[in-house]
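A.B. asks:
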Amino acid sequence: MTDNYAVFGNPIAHSKSPRIHTLFGAQTGDAVEYGAICAEPEEFAQDVMLFLIAGGKGCNITVPFKQEAWELADELSDYAARAKAVNTLAFRDDGTMVGHNTDGIGIVRDLQQNHGIALQGKRILLLGAGGAVRGVLQPLLEAQPASLFIANRTAAKALELACDFAEFGQISGDGFADISGQFDLIINGTAASLQGELPPLPDGCLASGGCTYDMMYSAKPTAFVEWGKAQGAAQALDGLGMLVEQAAEAFFIWRGVRPDTAPVLTHLREEFQSLRGYNPMT
Numbered sequence: 000m001t002d003n004y005a006v007f008g009n010p011i012a013h014s015k016s017p018r019i020h021t022l023f024g025a026q027t028g029d030a031v032e033y034g035a036i037c038a039e040p041e042e043f044a045q046d047v048m049l050f051l052i053a054g055g056k057g058c059n060i061t062v063p064f065k066q067e068a069w070e071l072a073d074e075l076s077d078y079a080a081r082a083k084a085v086n087t088l089a090f091r092d093d094g095t096m097v098g099h100n101t102d103g104i105g106i107v108r109d110l111q112q113n114h115g116i117a118l119q120g121k122r123i124l125l126l127g128a129g130g131a132v133r134g135v136l137q138p139l140l141e142a143q144p145a146s147l148f149i150a151n152r153t154a155a156k157a158l159e160l161a162c163d164f165a166e167f168g169q170i171s172g173d174g175f176a177d178i179s180g181q182f183d184l185i186i187n188g189t190a191a192s193l194q195g196e197l198p199p200l201p202d203g204c205l206a207s208g209g210c211t212y213d214m215m216y217s218a219k220p221t222a223f224v225e226w227g228k229a230q231g232a233a234q235a236l237d238g239l240g241m242l243v244e245q246a247a248e249a250f251f252i253w254r255g256v257r258p259d260t261a262p263v264l265t266h267l268r269e270e271f272q273s274l275r276g277y278n279p280m281t
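Right, dumping it as structure tokens:
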């Protein structure tokens, strides 16, 4: 029998998740069918319940429903509870739902395993203080960087996040104007670069040999990726690997099998070579 999964979001037509999970299923030999469901804001919870009742085994959640999924879940993983956001729901046979957040696992695996970027002892600058950033903070801090500084247009939000996650490591936060010193890794957690915009970063904030990482991805380099190249980054990366790695963790939660992400990433990069335009990370 085929097991059904889906990603919920709005908009959702652009999502690469169905493609990724179809490739995972073909690779592992699991009979899975994965769709994309566009939910209206007032109907999200009802749509998820209908999917469960119809026999769905689990689902992914993307913008703008991650907080609603956090509220809908009957139980939460540690990462999801801390992030106050859920991007993966696993359905039990009794109809209860367990909420997970795999975004942080995804970015750490992409950085360390796919690109060989060690995080321990590094100085990290994280841009933005929204849901995307909240979802990755705990796993990043558990990798034991020397420090992590959150910079945001609204300083109060960055300070609040730093307080919320202070128990996990050396973390601080403030406004963009308060960025000082140099960083070994600069991560963009805002969506600005998809519109060709950049956060106001000071010159020289990337250390020699440092790397940049945009949590967004697109068929062509984002503005932040281009900025990283212009700054002489040793690696200027986008978030496609994070997308695939967080999906692999969701697949493992559902199926108990961890797919090999390397061939899937290669396949998607090859597809991108023939595409134009921007596609947000989902």
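Quick note: numbering that gives the first Met the number 0 has the sequence shown finishing at residue 281, numbered continuously throughout.
All residues carry an ideal CB built from backbone N, CA and C; glycine is no exception.
If I measure Cβ to Cβ from Ile178 and keep anything under 8 Å in the same chain, skipping five residues before and after, which residues do I get?
C.D. replies: Leu124, Phe148, Ala150, Leu200, Pro201, Cys204
A.B. asks: Would you mind working out which of Lys156, Lys121, Leu158 sits nearest Glu141, comparing C-alpha positions?
C.D. replies: Lys121
A.B. asks: Taking 8 Å as the CB-CB limit, is Ala25 close to chain C?
C.D. replies: Protein chain content of the structure displayed is limited to a single chain, and chain C is not contained in it.
A.B. asks: Is the separation between the beta-carbon of Ala190 and that of Gln169 shorter than 8 Å?
C.D. replies: Against a cut-off of 8 Å, the Cβ pair of Gln169 and Ala190 comes out as no contact.
A.B. asks: For the putative contact between Met241 and Ile106, defined by C-beta atoms under 8 Å, what is the C-beta separation to the nearest angstrom?
C.D. replies: 5 Å
A.B. asks: CB-CB under 8 Å to Ala12, same chain, minus the five flanking residues each way: which ones, in chain order?
C.D. replies: Ala35, Cys37
A.B. asks: Once DSSP output is grouped into helix, strand and coil, what is the label at His266?
C.D. replies: helix
A.B. asks: So, are the CB atoms of Leu267 and Lys15 less than 8 Å apart?
C.D. replies: yes
A.B. asks: Within a Cβ cutoff of 7 Å, which residues of the same chain sit near Gly227, ignoring the five residues on either side of it in sequence?
C.D. replies: Thr211, Ala235
A.B. asks: Find the nearest neighbour of Ala192 within the set Gly94, Thr153, Met215, Gln181, judged by alpha-carbon distance.
C.D. replies: The question names Ala, but residue 192 in the sequence shown is Ser. Out of Gly94, Thr153, Met215, Gln181, Met215 has the C-alpha closest to the C-alpha of Ser192.
A.B. asks: Leaving out the 5 sequence neighbours to the left and right, which residues in its chain are closer than 7 Å to Gly94 when beta-carbon positions are compared?
C.D. replies: Leu51
A.B. asks: Output the distance between the C-alpha atoms of Asn59 and Val132, rounded to the nearest integer angstrom.
C.D. replies: 18 Å
A.B. asks: On the premise that Phe182 lies in contact with Phe23, defined as a C-beta separation below 8 Å, what is that separation, rounded to the nearest angstrom?
C.D. replies: In this structure Phe23 does not touch Phe182 by the C-beta definition: roughly 34 Å separates them, more than the 8 Å allowed.
A.B. asks: Please report how far the alpha carbon of Leu79 lies from the alpha carbon of Lys219, in whole angstroms.
C.D. replies: In the sequence as displayed, the identity of residue 79 is Ala instead of Leu. Each residue's alpha carbon lies about 31 Å from the other.
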